[in-house]
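Participant:
Numbering (the numbering used here), first residue to last: 105 to 295.
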């Protein structure tokens, strides 16, 4: 198994907009399901107020994947790591990178969850990689809202947001699992 490929080979370059940028079927076929199976067992802690001005109610687990392949860790972890640190930023163009290559942030939203998210750091965009759930009607909540636009999560969907936004209150007994963070333009020396 090639542990370096995570991106769907049919993915075209992503062009950022001031709105929510949506790319469906971003991961290779089958990888979303494999990730859902191995991520579901991670311990999630409820969060009621988050650092850096983010507020809300949701569940979260931060975890690291070793840089050297270790057979005790599931293979999808390494494909995910390569996707987040190499392949996804490359689709945005030259100079983009994951702003935190060491940690992966996993979140789950359920009934009653909501989130207010500040603008990303300068020269950055928030990313949300939906792994499981979220493909319910927008009126049920649990969708990203920015200005006049509301976009729901859906499995194997990458959402990029370049401004402050909110995830609307989940009003039904449903659940969505996603990974999130920031892609930053520039080199690490720019910080």
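Glycine residues also receive a C-beta, built at the ideal position from the N, C-alpha and C atoms. Just so you know, these numbers come straight off a predicted model, no measurement behind them.
#1: Looking at residue 271: is its Cβ nearer than 8 Å to the Cβ of residue 219?
#2: Have a look at 124, 117, 123 and 109 and flag the residue whose alpha-carbon is nearest the alpha-carbon of residue 131.
#3: Would residue 224 be called buried (16 or more neighbouring beta carbons within 10 Å of its own) or exposed?
#4: Nearest to residue 311 by alpha carbon, out of 129, 183 and 160?
#5: Under DSSP, the beta strand (DSSP E) around residue 236 begins and ends at which residues?
#6: Rounded to whole angstroms, how far is the Cβ of residue 244 from the Cβ of residue 278, which I believe are closer than 8 Å?
#7: Sort 199, 180, 120 and 235 by Cα distance to residue 259 and report the nearest one.
#8: Write down the C-beta distance between residue 172 and residue 213 rounded to the nearest angstrom, noting that I regard them as a contact closer than 8 Å.
#9: Just tell me which of 203, 179 and 113 has its CA closest to the CA of residue 285.
#10: Please say whether residue 264 and residue 248 have beta carbons closer to each other than 8 Å?
#11: Beta carbon of residue 199, beta carbon of residue 117: below 8 Å?
#12: For a test of the three-state rule: what should DSSP assign to residue 105, helix, strand or coil?
#13: Using the C-alpha atoms, what's the distance from residue 228 back to residue 276?
#14: Among 283, 194 and 205, whose alpha-carbon lies nearest the alpha-carbon of residue 115?
#15: Based on Cα-Cα distance, which residue from 253, 151 and 250 lies nearest to residue 211?
#16: Beta-carbon within less than 8 Å of residue 208's beta-carbon, same chain only, minus the 5 sequence neighbours each way: which residues are those?
Facilitator: So, to answer that:
#1: A Cβ-Cβ contact shorter than 8 Å links residue 271 with residue 219.
#2: Nearest option by C-alpha distance: 109.
#3: Classified as buried, residue 224 has 16 or more neighbouring CB atoms from the shown chains inside 10 Å of its CB.
#4: With the chain running from 105 to 295 in the structure shown, residue 311 is simply not present.
#5: If you look at residue 236, you'll find it in the beta strand (DSSP E) that goes 228 to 237.
#6: That belief holds up - the Cβ atoms of residue 244 and residue 278 are roughly 6 Å apart, short of 8 Å.
#7: Out of 199, 180, 120 and 235, 235 has the C-alpha closest to the C-alpha of residue 259.
#8: A Cβ-Cβ distance of about 33 Å is found for the pair residue 172 and residue 213, leaving them out of contact under the 8 Å criterion.
#9: Of the candidates 203, 179 and 113, the one whose C-alpha sits nearest the C-alpha of residue 285 is 203.
#10: Contact flag unset, no.
#11: Their beta carbons are not under 8 Å apart, which means residue 199 does not touch residue 117 by this criterion.
#12: With a pLDDT of 44 at residue 105, under the threshold of 50, the predicted position of this residue should be treated as unreliable, though the coordinate-derived value follows. In the structure shown, residue 105 sits in coil (DSSP, three-state: anything other than H, G, I, E or B).
#13: Straight across, the Cα-Cα distance linking residue 276 with residue 228 is about 32 Å.
#14: Considering only alpha carbons, the answer is 194.
#15: When only C-alpha atoms are compared, the closest one is 151.
#16: Cβ within range, chain order: 166, 167, 168, 169, 184, 185, 188, 283 and 285.
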